[in-house]
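Data first, discussion second: the structure below is written as structure tokens.
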Amino acid sequence: MRTFIAIEIPAAIKTELTKLQAELRRTGADVGWTNPNNIHLTLRFLGEIEEVRLTELKRLCAEIATQFQPFTLRLKDTGCFPNFKQPRVLWVGLAGEISIAQELQQRLEAGLTALGFDPEDKPFKPHLTIGRVKSGKNIRQLVAKSDMYPLPELSFAVGEIVVLKSELHPAGARYTPQAKVKLGD
Ligand code: 3AM
196 MRTFIAIEIP AAIKTELTKL QAELRRTGAD VGWTNPNNIH LTLRFLGEIE EVRLTELKRL
256 CAEIATQFQP FTLRLKDTGC FPNFKQPRVL WVGLAGEISI AQELQQRLEA GLTALGFDPE
316 DKPFKPHLTI GRVKSGKNIR QLVAKSDMYP LPELSFAVGE IVVLKSELHP AGARYTPQAK
376 VKLGD
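The sequence shown begins at 196 in my numbering and counts up by one.
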């Protein structure tokens, strides 16, 4: 089962990101836009795991969730990976209590390593992926418009973490929650 651990974002934030996507679409760039319902903050991508491991994964998330109180994040800016010259992933960055998200991610990482998962080799860069660039068509316009976009600094409360199953289909990914654990419980 293809799995990852994430923080879900509220509908009001998705609405705002949908407006940003609509504006960037107008550049005619060749981008696979993330379905707004699928936008989330990935804490850790796990890839294929055996279904039996879900139990220990849920237990780990529940244990870590007790160590945190709900916290607040806010939309910050737009950007892309790996760089503006060759954008591949378009994202919206986050600010606010980001150090708490980082701490949460680090404790997850430590717990996952203790459970025998391979360590993550990439540093954690909290972001919301809004699209993936498919070709070089109109990328200058895309990057310029994204850079100039007046993104409102909307805040949202983070109250839980979610283990998601990811199924890849030609029409787009389908993410199904396998477990939700509330922070502070
Ligand atoms: O929506 P974002 O970008 O935060 O990019 C994928 C997505 O996160 C990421 O896992 C989330 C659910 O698919 N992802 C997919 N394959 C990955 C990989 N091999 C990966 N992250 C790291 N390594």
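We treat Cβ as the ideally placed atom computed from N, Cα and C, and that holds for glycine.
In this text, all values refer to a predicted model and were calculated from it rather than measured experimentally.
Quick one, which of the options has its alpha-carbon nearest residue i's?
i: L285; options: A305, F276, G354, I200; result: F276
i: V287; options: I293, D272, Q297; result: D272
i: D342; options: A296, R369, E218, R197; result: E218
i: G242; options: Q264, L289, D313, I204; result: D313
i: E211; options: K340, E203, M196, P347; result: P347
Please list, in chain order, all residues of the same chain as residue i whose beta carbon is under 6 Å from its beta carbon, the five residues on each side excluded.
i: G223; result: N333
i: T213; result: P231
i: S330; result: D225
i: R302; result: I259
For residue i, I'd like the list of residues in its chain whose CB is within less than 8 Å of its CB, leaving aside the five on either flank, ordered along the chain.
i: G306; result: L255, E258, I259
i: L337; result: L219, T222, A224, V226, P282, L285, V328
With a threshold of 6 Å, establish whether the CB of residue i neighbours any heavy atom of the ligand 3AM.
i: T237; result: yes
i: T371; result: no
i: T308; result: no
i: F240; result: yes
i: S294; result: no
i: T273; result: no
i: T324; result: yes
With DSSP collapsed to three states, give me the class of residue i.
i: T198; result: strand
i: L236; result: strand
i: A368; result: strand
i: R269; result: strand
i: A374; result: strand
i: R221; result: coil
i: L310; result: coil
i: I325; result: strand
i: L346; result: coil
List the residues that DSSP assigns as beta-bridge partners of residue i.
i: A296; result: Paired residues: none, contrary to the question.
i: C275; result: L285
i: F351; result: L268
i: V247; result: In the DSSP output, where bridge partners are listed per residue, V247 has none listed.
i: R335; result: Paired residue(s): none; R335 is not in a bridge.
i: K360; result: T198, T371
Whose C-beta lies closer than 7 Å to the C-beta of residue i among residues of the same chain, with five residues either side of it excluded?
i: F319; result: Q297, Q300
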